[in-house]
Amino acid sequence: MDIVDFLYQAGSLKDVARSGWKTVGIEPESVSEHSYRTALIAYVLAKEAGVENTEKALLAALLHDIHEARTTDLHLVAKKYAKVDEDSARKDSMGAFEYFNSLFSDKAIMEIVDDADKLECIMQAKEYQDLGNPYVKDWIKNGSAQLKTEAAKKLCKRALERDSFNWLFEARK
Numbered sequence: 009m010d011i012v013d014f015l016y017q018a019g020s021l022k023d024v025a026r027s028g029w030k031t032v033g034i035e036p037e038s039v040s041e042h043s044y045r046t047a048l049i050a051y052v053l054a055k056e057a058g059v060e061n062t063e064k065a066l067l068a069a070l071l072h073d074i075h076e077a078r079t080t081d082l083h084l085v086a087k088k089y090a091k092v093d094e095d096s097a098r099k100d101s102m103g104a105f106e107y108f109n110s111l112f113s114d115k116a117i118m119e120i121v122d123d124a125d126k127l128e129c130i131m132q133a134k135e136y137q138d139l140g141n142p143y144v145k146d147w148i149k150n151g152s153a154q155l156k157t158e159a160a161k162k163l164c165k166r167a168l169e170r171d172s173f174n175w176l177f178e179a180r181k
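Just so you know, the sequence shown maps onto residues 9 to 181 in my numbering.
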């Protein structure tokens, strides 16, 4: 795949909605928006874990849902019925960019990225909960139980203890 085509494909993620939230009446963020915060979280978790090359975690997190440009985002119920070969779609999405593909075989980095992905979803659910949606509590509960790294568990605890709009009210002072 040509680099320009890859970049256009990545840009298409701005138009792919995170579908799970729609099941509980929420107009969701895009996969692109989700990947942005996931990358920031992965960087923070990698730093906390003492990973030497934190940029690998950042880049892997940016790319972790690139396949959804081709497959869309399927929520958990849809995944029970629709089978998607995410690995093939990811490899096809990244084409000949071997470095990008190699990130997904680094187990330590991918454990951080998986936790970052879950933690981003938990934080998004917390934001929706703080805005009054009562149905997102399962995302918080189930996601929290799936975290593997100590850094993610600690950051999750802190995120859930704080009002998600605290930063805004503090900035207004």
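Glycine included, every Cβ here is placed at the ideal spot set by N, Cα and C.
Secondary structure of Ala133 (DSSP, three-state): helix. Straight through space, the alpha carbons of His42 and Asp23 are spaced by roughly 12 Å. Taking 8 Å as the upper bound for CB-CB distance, Asp114 and Lys64 are in contact here, some 7 Å apart. In chain order, Lys156, Thr157 place their CB closer than 8 Å to the CB of Glu119, counting only its own chain and leaving out the 5 sequence neighbours on each side. Within its own chain, the residues whose Cβ lies closer than 6 Å to the Cβ of Glu37, once the five positions on either side in sequence are excluded, are Arg26, listed in chain order. Taking each of Ala69, Ala159, Asn150 in turn and checking the Cα distance to Phe108, the smallest one comes out for Ala69. Here the alpha carbon of Leu84 sits roughly 17 Å from the alpha carbon of His72. The Cβ atoms of Ala124 and Glu56 lie no closer than 8 Å to each other. Per the C-alpha coordinates, the member of Gly140, Glu106, Val144, Leu127 positioned closest to Lys30 is Val144. Within the same chain, His83 come within 6 Å of Gly28 by CB-CB distance, once the 5 residues on both sides are set aside.
Among the bridge pairs identified by DSSP, Ser38 is matched with Ala25. For Glu158, the uninterrupted alpha helix (DSSP H) segment begins and ends at 158–169.
In the structure shown, Arg180 falls within a coil segment according to DSSP collapsed to helix, strand and coil.
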